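Residue numbers are given in the UniProt record's numbering: position 54 of the sequence shown equals residue 54, and the series is strictly consecutive.
In this text, a Cβ means the ideal position worked out from N, Cα and C, and glycines have one as well.
Fair warning: this is a prediction, and the values are worked out from it, not measured in the lab.
Step one of this worksheet: look at the structure below.
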Amino acid sequence: MAAPLSVEVEFGGGAELLFDGVKKHQVTLPGQEEPWDIRNLLVWIKKNLLKERPELFIQGDSVRPGILVLINDADWELLGELDYQLQDQDSILFISTLHVLAAVCAHHSQGFVGRRPPGW
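Shown next, in the form of structure tokens:
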């Protein structure tokens, strides 16, 4: 049986809005038969942390496209994605790149409708 794990789960780029605006969560995952992996963590997050609009965060058994996942500051694609086995004190960061891009575009286009911004 896998022992309980303490991990930090963080949301950014607007994803935190789906979690009552809370960016950082220090969580203790309970002991279970199988080792904890990202796939299990996503199920746990959906049941315990996600407050609204799960379709904006989860798609199937993974995160939806446009969500960047970093495990201990490394791209999860280098670590096995859903199959990465969590270790005690791991830090998992979920960043919504779609929200960031939309916010940046909206910010930069303000006041320039119908004309080019300076430097363009």
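Residue i in three-state terms, based on DSSP
i     : result
Phe19 : helix
Leu70 : strand
Glu8  : strand
Lys24 : strand
Leu50 : coil
Asp88 : coil
Asp37 : strand
Ala79 : The question names Ala, yet the displayed sequence has Leu at residue 79. Coil at Leu79, not helix or strand.
Beta-carbon spacing of residue i, residue j below 8 Å
i     : j     : result
Val7  : Asp83 : no
Ala2  : Gln26 : no
Lys23 : Glu10 : yes
Nearest to residue i (by Cα), restricted to the options the options
i     : options                    : result
Leu93 : Gln87, Leu70, Pro65, Leu86 : Leu70
Arg39 : Lys46, Gln32, Asp61, Pro30 : Asp61
Leu41 : Glu55, Leu56, Val63        : Val63
Thr28 : Glu55, Val43, Asp88, Trp76 : Asp88
Trp76 : Leu98, Asp37, Gly13        : Asp37
Leu98 : Asp73, Lys47, Leu56        : Leu56
For residue j and residue i, the rounded distance between their alpha carbons
i     : j     : result
Leu79 : Leu5  : 18 Å
Ile67 : Ile58 : 9 Å
Ala15 : Pro30 : 24 Å
Gly13 : Val43 : 21 Å
Ser96 : Ile45 : 16 Å
Lys47 : Pro65 : 20 Å
Leu86 : Asp73 : 14 Å
Any non-hydrogen atom of the ligand GDP closer than 7 Å to residue i Cβ
i     : result
Thr28 : Looking for the ligand GDP in the displayed structure turns up nothing, as the structure carries no ligands at all.
Three or more beta-carbon pairs under 8 Å between the region 37-53 and the region 19-27, yes or no? yes
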